[in-house]
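Enquirer: I'd like to ask you about the structure that follows.
In the UniProt record's numbering, the protein residues as written are 1 to 222.
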């Protein structure tokens, strides 16, 4: 069973080695490590691991916390291909994409890039129901929803406790982030249930990828 472990660790030499040693001693195999952001003396890392049969997920938390200063922000099951170069692959695919397929490609591939649950491309106006232009599998239904943040002039983190969210979505703790796609009335939205919340560094990556896709589709700058 694969799990995605998000850690907040002291930003000092050797800390990842200490975490790797602690996980290894617990019989856990590390598949990949993504450094999401650094600053303020700490780093945020996503560590993808394989848990041996018979081991409980809590053993991952115990092993990580055995390293002084390490905090476990979240632990969740991970399913799907274990791609080490998923962002580069998306960029290459966008470079080859036809103008009318860029939005569909983003919606289909962004969940894999960001270890998220789903992605959609929406179009909407103030106080008007939105239109879904493209959606990945497992995306919730946005059709006919009125989104107070559309049109949007800048990328946003959309936390799970926001008042505009349907009650069912708040119960599921759906975390989202969004960025304009070509114009303020169109947005790329990524979400995942149960957290963790998206980080500012993840939002900046989304802005970059959406900007490239908009260029491929010959959309005006957002």
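All residues carry an ideal CB built from backbone N, CA and C; glycine is no exception.
All figures in this text were calculated on a predicted structure; none of them were measured in a lab.
With distances taken between CB atoms, is the gap from residue 74 to residue 48 smaller than 7 Å?
Expert: no
Enquirer: Taking the DSSP output, what are the residues bridged to residue 131?
Expert: 123
Enquirer: Within 10 angstroms of its Cβ, does residue 58 collect 16 or more other Cβ (buried), or is it exposed?
Expert: exposed
Enquirer: Would you kindly check if the distance between the Cβ of residue 129 and the Cβ of residue 151 is under 7 Å?
Expert: no
Enquirer: For residue 147, which of helix, strand or coil comes out of DSSP?
Expert: coil
Enquirer: For the beta strand (DSSP E) holding residue 37, just list the boundary residues, first then last.
Expert: 29-39
Enquirer: Determine, using beta carbons only, whether residue 70 and residue 64 come nearer to each other than 7 Å.
Expert: Their beta carbons are under 7 Å apart, which means residue 70 touches residue 64 by this criterion.
Enquirer: Going by Cα to Cα distance, which pick from 9, 105, 88, 114 is closest to residue 79?
Expert: Measuring from the Cα of residue 79, the nearest candidate turns out to be 114.
Enquirer: Could you check if residue 54 is buried or exposed, using at least 16 other CB atoms within 10 Å of its CB as the buried criterion?
Expert: exposed
Enquirer: Rank 159, 11, 160 by C-alpha distance to the C-alpha of residue 39 and give the top, closest one.
Expert: 11
Enquirer: With distances taken from CA atoms, which of 121, 145, 62 is nearest residue 137?
Expert: 121
Enquirer: Given that a residue counts as buried once 16 or more other Cβ atoms are within 10 Å of its Cβ, and exposed if not, what is residue 100?
Expert: Counting Cβ neighbours within 10 Å, residue 100 comes out exposed, since fewer than 16 surround it.
Enquirer: What's the call for residue 109, buried or exposed, on a 16-neighbour Cβ count within 10 Å?
Expert: buried
Enquirer: What does residue 192 pair with, by DSSP beta-bridge criteria?
Expert: 175
Enquirer: With DSSP run on the structure shown, which of helix, strand or coil describes residue 116?
Expert: coil
Enquirer: Taking all protein chains shown into account, decide if residue 94 is buried (16 or more other Cβ within 10 angstroms of its Cβ) or exposed.
Expert: buried
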